[in-house]
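Asker: Residue numbering for the sequence shown follows this note's numbering, starting at 16 and increasing by one per position.
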Amino acid sequence: MADITELGVAAIRDGVAQGEFTAVEVAEAFNAQVAAAEALNAFIVATPEAALDAARATDARRAGGQPLGKMGGVPIGMKDLFATKGVQTTAASHILEGFRPEYESTVSQKLWDAGAGMLGKLNLDQFAMGSSNETSYFGNVISPWRRSDGGNAALAPGGSSGGSSAAVSARLCPAATGTDTGGSIRQPAAFTGISGIKPTYGRCSRWGIVAFASSLDQAGPMARDVRDCAIMLEAMAGFDPKDATSLDLPVPEWEAGLSADLRGKKVGIPREYRVDGLDADVAASWDRGIEWLKDAGAEVVDVSLPHTKYALPTYYIIAPAEASSNLARYDGVRYGLRDLPDGAGLQDMYAATRAAGFGPEVKRRILIGTYVLSAGFYDAYYTQAQKVRTLISHDFRNAFKEVDVILAPTAPTAAFGLGEMVSDPLAMYLNDVFAVPASLAGLPAMSVPAGLNREGLPLGLQIVGRPFDEQGVLNAGLAIEQRAAFTAKPERWW
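#1: Rounded to whole angstroms, how far is the Cβ of H322 from the Cβ of I407, which I believe are closer than 8 Å?
#2: Excluding the 5 residues preceding and the 5 following R353 in the sequence, name in chain order all residues of the same chain whose CB lies nearer than 8 Å to its CB.
#3: I need the DSSP call for A500, collapsed to helix, strand or coil.
#4: At the 8 Å Cβ level, is R469 part of the contact set with chain D, yes or no?
#5: Considering Cα atoms alone, identify which of L264, A54 and R221 is closest to E485.
#6: Mind checking which residues open and close the beta strand (DSSP E) that includes S462?
#7: For W127, is the classification buried or exposed, using 16 other Cβ atoms within 10 angstroms of its Cβ as the cut-off for buried?
#8: Taking C-beta to C-beta, are S199 and G193 nearer than 8 Å?
#9: Excluding sequence positions up to five away, which residues of its chain have a Cβ less than 7 Å from the Cβ of A52?
#10: Tell me whether the beta-carbon of L137 lies closer than 8 Å to the beta-carbon of S108.
#11: Going by Cα to Cα distance, which pick from A295, D74, E64 and G23 is closest to A32?
#12: What is the rounded straight-line gap between the Cα of P256 and the Cα of G475?
#13: So the candidates are G434, R76 and A205; which of them puts its Cα closest to the Cα of A503?
#14: For D243, does the three-state DSSP call read helix, strand or coil?
#15: Distance check for A190 and G92, CA to CA, integer angstroms please.
#16: Under a Cβ-count criterion, where at least 16 other Cβ atoms within 10 Å of its own Cβ denotes burial, should G211 be classed as buried or exposed?
#17: Please work out which residues of its chain come closer than 6 Å, Cβ to Cβ, to S274, disregarding the five sequence neighbours upstream and downstream, and give them in chain order.
#18: Span of the alpha helix (DSSP H) holding A521?
#19: Buried or exposed for A42, going by 16 or more other Cβ atoms inside 10 Å?
#20: Which residues in the same chain have their Cβ closer than 7 Å to the Cβ of G197, if we skip the five residues on either side of it in sequence?
#21: Just how far apart, CA to CA, sit K213 and G358?
#22: Give the straight-line distance between the Cα atoms of G487 and G34, rounded to the nearest whole angstrom.
#23: From F392 to Y386, what distance separates their C-alpha atoms?
#24: Contact between the region 155-168 and the region 113-125 is defined here as three or more beta-carbon pairs at a separation below 8 Å; is this criterion met?
#25: How big is the Cα-Cα spacing for A395 and V318?
#26: Which residue's Cα is closest to the Cα of G145: M461, E376 and F483?
#27: Taking all protein chains shown into account, decide if D419 is buried (16 or more other Cβ within 10 angstroms of its Cβ) or exposed.
#28: Could you tell me if N56 is buried or exposed, where buried requires 16 or more neighbouring beta carbons within 10 angstroms of its beta carbon?
#29: Which partner residues of E306 appear in the DSSP bridge assignment?
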């Protein structure tokens, strides 16, 4: 079954259910792919036996005539931000190296209950802080893509869910979990030519996910196409009483509701996203996307999101402030790394542990966050940022009085080379310029592949929807997917 790893979630689920192949055959094929792709550094920990155990259970259910579940027989990658019982969970940080939780995150448990199996824990930017997967303690993830000019420069797979994007794009897994705080599902999906959706804030439980910024973090699926994202999101979503921010709403049947017919729908094009110096290939891709949605029957309308220019500075005040608070728990006392110099007191242990355990980017954001929360600066920075966040939400609310979804680029450029931006944090932060506004407003947003740039690298288009309207986002994504007819995949070099 050499071609089994070319199949996506729907094809594997249906093939196992119909007896075309067994779940064990699927797990073995993907386990082999994972084992042969160490050069990508996409996985921190591989769990081949966990994948096989889940597959055997699926095959046994099929033999007994029992339901297989929404993800029956589908092995997936799990971003190493989700707690997995008995399996190391590090958030790609030295401070959590060796930590094996005694509990399972709600999202991962829902996926196992739906019949999925785990191929391993995927690499990411440390504590999900980064846009290139260069801040991981366990080393850079390398994109499976190469520039078409023959250059062998290693490219960023995006971040923070870079292990997830690289693994799905390289066919190491048919789908993977991601988390999105300011674009960490959408930007890596765009960089590697796959699809990924950040649902409405609260759609997926945050319980058991290592926290970065609690008012922004949201889990979502990353897969090769829109349908697969819809299937996986159905399995992941749902109310969780253990998460105070969880939405107590029924989970729609997104897969059954998929339709690329957009007649009667209006698509907004935000004029503020036409920034000076926008990459020519990105701009051309956006224009093609507009034409594709018109072809699907939609009416295109210019809209204004006037506070867009304040989104990045607002995000980089709120997110570090929440990170500063959330990461205070890593002190060397209860779990994870403990650095105890000879003769050290408690404060010395705190300082030594955090100095050794956190990477430079995490330290930078903790310092920024602690500063903006400090006495004398709280009102000037944090309170002001929260007010601007409200204005950004109002901008979207006003736009959605006129339109059903908004179309924009996912990222301002295609994938860049590893090392090209790591010395300039501000340039790196600008990667999130198109993704951050939807995160601040808690809106569902999706990236779908829209073609290749002149260097042969993938570009993504982003659809942003009304709160709770994941269906509208998925449908617009499907309309683009069908017209883009994106079939490119990286040539194997690893």
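A virtual CB, placed ideally from N, CA and C, is assigned to each residue, including glycine.
Answerer: The short version:
#1: 5 Å
#2: Non-local C-beta neighbours of R353 in its own chain, meaning closer than 8 Å and more than five positions away in sequence, comprise G347, M364 and T368, ordered along the chain.
#3: Residue state, collapsed to three classes: coil.
#4: Although the question refers to chain D, the structure presented lacks it and comprises just one protein chain.
#5: L264
#6: Unbroken beta strand (DSSP E) run through S462: A460 to L467.
#7: Classification for W127: buried.
#8: Yes, they are a contact pair.
#9: A185, L187 and W509
#10: No. Outside cutoff.
#11: D74
#12: Between P256 and G475, the C-alpha separation is close to 35 Å.
#13: A205
#14: helix
#15: In this structure, the alpha-carbon of G92 lies about 7 Å from that of A190.
#16: buried
#17: N490
#18: No statement about residue 521 is possible, as the shown extent of the chain runs from 16 to 509 and does not include it.
#19: buried
#20: L231, Y330, A334, D447, A450, V451 and S454
#21: 48 Å
#22: Distance between the alpha carbons of G487 and G34 is about 33 Å.
#23: 7 Å
#24: no
#25: 30 Å
#26: E376
#27: By the neighbour-count rule (16 or more Cβ atoms within 10 Å), D419 is buried.
#28: buried
#29: None; E306 has no bridge partner.
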